[in-house]
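Undergrad: In this note's numbering, the protein residues as written are 4 to 395.
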Ligand SMILES: [Zn+2]
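Next up, the structure:
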């Protein structure tokens with residue numbers, strides 16, 4: 004009997020402090036999220052993250068604080084319907100919008116473009132606001148436009164979004180064998196861009212790029228890469244995710260893969276469930292399509308309107324940890340981080356309703372058996388290492 008009591012006690016005892024400590028570990032860690040779309044999806048449409056947008060968006064300033072986010076890389080993004088010049092000008096306007104928000108909230112936020120400023124923001128308990136350009140189409144095929152976006156503060160560029168550019172093919176196009184510019188991978192100009200990014204100190208982001216572009220870029224770069232919002236292909240085989248050989252190559256390069264929270268990149272059955280949901284609202288979907296809205300905006304709109312149904316489609320949080328685990332098993336805990344894609348996705352795993360739920364990722368990692376040291380690396384340490392290496 005005594006043995007049984009002792010055994011029970013041994014089981015319960017470590018759980019008690021744990022329940023309280025995950026919040027403390029999260030609060031004390033540097034938490035970096037390498038991809039959030041709130042500027043393009045919300046600010047540019049007239050909503051203000053300086054107000055409470057709970058229920059409308061995944062993010063606002065107050066909820067970044069509540070989620071314990073220390074470093075947020077904001078995606079500077081427009082889709083392929085923006086053509087030359089327009090895309091570049093739109094990117095600059097987005098960057099200006101972020102500067103305007105930060106200048107109105109100097110006690111809460113700070114623009115960060117180098118590791119020293121990042122340290123300062125963390126010391127002053129301000130949200131370190133960084134920028135990543137999501138898609139090479141925003142540089143107009145011109146090196147001087149890349150220079151300008153870097154000067155304005157962008158510190159990574161995703162070589163392509165879903166659309167290929169004249170110097171790099173995307174995952175979406177390579178996987179469909181639809182090559183609008185006729186070649187797979189990086190052209191010689193594409194390789195020059197990668198080298199120039201290395202010289203500037205701008206991280207090369209390999210999310211969204213085709214497999215050939217990935218290999219060409221990783222064989223060209225002299226600095227560690229970032230994969231700002233992608234998951235593991237072997238757990239969810241979609242073209243946006245990384246195959247095991249690619250994951251191993253990022254490990255060898257010293258880079259970091261920041262896992263995306265999107266249900267469709269985590270759960271291989273999510274897309275089938277989503278299609279059934281969308282077909283259930285076909286009339287509305289068709290009329291929204293008539294308005295020529297992009298598919299992702301239609302899905303987001305329907306998911307908000309039919310929230311209870313959309314909620315049932317979500318995978319468990321444990322699946323996000325499975326993806327992290329998979330990467331860790333292949334290349335160790337030094338090469339994985341978090342790239343939520345919040346406000347760019349219509350669905351995240353259950354429990355992760357918005358940026359304020361980020362501490363639950365820490366809780367789930369600790370429950371999975373990760374040490375405090377490894378959790379700190381995953382939450383932000385690995386990103387900081389790659390950022391610092393690129394800045395030198
Ligand atoms: Zn993206």
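Beta carbons: idealized from backbone N, C-alpha and C, even for Gly.
1. Taking the straight line between their C-alpha atoms, what separation do you get for residue 161 and residue 212?
2. Have a look at the DSSP bridge pairing and note the partners of residue 36.
3. Nearest to residue 235 by alpha carbon, out of 290, 44, 325 and 30?
4. Please report the distance separating the alpha-carbon of residue 361 from that of residue 27.
5. Under 9 Å, do residue 277 and residue 302 count as touching if we go by C-beta distance?
6. Report all residues from its chain with a CB closer than 7 Å to the CB of residue 380; omit the five preceding and five following residues, and keep chain order.
7. Taking 8 Å as the cut-off, is the beta-carbon of residue 163 closer than that to any non-hydrogen atom of ligand 1?
8. At a cut of 8 Å, does the stretch 162-173 reach the stretch 109-116 through at least three beta carbon pairs?
9. Taking contact to mean 3 or more Cβ pairs, one atom from each stretch, closer than 8 Å, check whether the stretch 215-235 and the stretch 181-201 are in contact.
10. Determine the DSSP secondary structure at residue 221, reduced to helix, strand or coil.
11. Can you find at least 3 beta carbon pairs, one from the stretch 282-299 and one from the stretch 257-268, that sit closer than 8 Å?
12. I'd like the span of the alpha helix (DSSP H) that includes residue 378, first residue to last.
13. Please identify the residue among 193, 317 and 52 whose C-alpha is closest to the C-alpha of residue 103.
14. Can you tell me the Cβ-Cβ gap for residue 85 and residue 43, rounded? I've got them flagged as a contact below 8 Å.
15. What first and last residue would you give for the alpha helix (DSSP H) that runs through residue 132?
16. Give me, in chain order, the residues of the same chain whose beta-carbon lies closer than 6 Å to that of residue 190; leave out the 5 immediate sequence neighbours on both sides.
17. When burial is assigned at 16 or more other CB atoms within 10 Å of the CB, is residue 147 buried or exposed?
18. Taking its Cβ as the centre, do 16 or more other Cβ atoms sit within 10 Å of residue 385, making it buried, or is it exposed?
19. May I have the straight-line CA-CA distance separating residue 376 from residue 62, to the nearest angstrom?
20. Report yes if the C-beta distance between residue 172 and residue 188 is below 9 Å; otherwise report no.
21. I'd like the span of the beta strand (DSSP E) that includes residue 161, first residue to last.
22. Tell me the DSSP bridge mates of residue 173?
23. Measuring only from the beta carbon, is residue 78 closer than 8 Å to any heavy atom that is part of ligand 1?
24. Can we count residue 195 as close to ligand 1, meaning its CB is less than 8 Å from some heavy atom?
25. My assumption, with CB atoms under 8 Å, is that residue 64 sits in contact with residue 34. Please give the rounded CB distance.
26. Where do the N-terminal and C-terminal ends of the beta strand (DSSP E) with residue 261 fall, by residue?
27. Please state whether DSSP places residue 57 in a helix, a strand or coil.
28. Counting beta carbon pairs with one atom in the stretch 312-322 and one in the stretch 222-233, are three or more of them shorter than 8 Å?
TA: According to the structure data:
1. Along the chain shown, read from residue 1 onward, the residue named residue 161 stands at position 158. Along the chain shown, read from residue 1 onward, the residue named residue 212 stands at position 209. The alpha-carbon atoms of residue 161 and residue 212 are separated by roughly 8 Å.
2. Here residue 36 refers to the residue found at position 33 of the chain shown. Beta-bridge pairing links residue 36 to 75 and 341.
3. As a position in the chain shown, residue 235 is number 232, starting the count at 1. Taking only the C-alpha atoms, the option nearest residue 235 is 325.
4. As a position in the chain shown, residue 361 is number 358, starting the count at 1. As a position in the chain shown, residue 27 is number 24, starting the count at 1. Going from the Cα of residue 361 to the Cα of residue 27 covers about 13 Å.
5. Working through the chain shown from its first residue, we reach residue 277 at position 274. Working through the chain shown from its first residue, we reach residue 302 at position 299. Yes.
6. For this step, residue 380 is matched to residue 377 along the chain shown. Excluding residues within five positions, the ones whose Cβ falls inside 7 Å are 336 and 337.
7. Taking the first residue of the chain shown as 1, we reach residue 163 at position 160. No; taking the cut-off as 8 Å, the Cβ of residue 163 has no heavy atom of ligand 1 nearer than that.
8. no
9. yes
10. Walking along the chain shown from the start, residue 221 turns up at place 218. Here residue 221 sits in helix by DSSP.
11. no
12. If you number the chain shown from 1, residue 378 lands on position 375. Element bounds for residue 378: 375-379.
13. As a first step, residue 103 is located in the chain shown; it is residue number 100 there, counting from the start. Measuring from the Cα of residue 103, the nearest candidate turns out to be 52.
14. By one-based count along the chain shown, residue 85 stands at place 82. By one-based count along the chain shown, residue 43 stands at place 40. With a Cβ gap of about 11 Å, residue 85 and residue 43 do not count as contacting.
15. Start at 1 with the first residue of the chain shown, and residue 132 comes out as number 129. Per DSSP, residue 132 belongs to no alpha helix (DSSP H); it is in the beta strand (DSSP E), 130-137.
16. As a first step, residue 190 must be located in the chain shown, where it is residue number 187. Closer than 6 Å at the Cβ level, and outside the excluded window around residue 190, lie 170.
17. Here residue 147 corresponds to residue number 144 of the chain shown, with the count starting at 1. Under the 10 Å beta carbon count, residue 147 is surrounded by fewer than 16 other beta carbons and is classified as exposed.
18. To locate residue 385, count along the chain shown from 1; it is residue 382. That one is buried.
19. One-based indexing of the chain shown puts residue 376 at position 373. One-based indexing of the chain shown puts residue 62 at position 59. Their Cα atoms are separated by approximately 27 Å.
20. Translated into the one-based positions of the chain shown, residue 172 becomes position 169. Translated into the one-based positions of the chain shown, residue 188 becomes position 185. Yes, Cβ-Cβ distance for residue 172 and residue 188 is below 9 Å.
21. The residue given as residue 161 occupies position 158 in the chain shown. Start and end: 157-161.
22. The sequence position of residue 173 within the chain shown is 170, counting from 1. According to DSSP, residue 173 bridges with 212.
23. In the chain shown, residue 78 corresponds to position 75, counting from 1. Because some heavy atom of ligand 1 lies under 8 Å away, the Cβ of residue 78 counts as near it: yes.
24. Taking the chain shown and counting its residues from 1, the one referred to as residue 195 is at position 192. No, Cβ of residue 195 sits at least 8 Å from all heavy atoms of ligand 1.
25. Residue mapping note: residue 64 aligns to position 61 of the chain shown, counting from 1. Residue mapping note: residue 34 aligns to position 31 of the chain shown, counting from 1. Wrong, their Cβ atoms sit about 15 Å apart, outside the cutoff.
26. Within the chain shown, the letter at position 258 stands for residue 261. Start and end: 259-262.
27. Position 54 of the chain shown, counted from the first residue, corresponds to residue 57. Reduced to three states, the DSSP call for residue 57 is strand.
28. no
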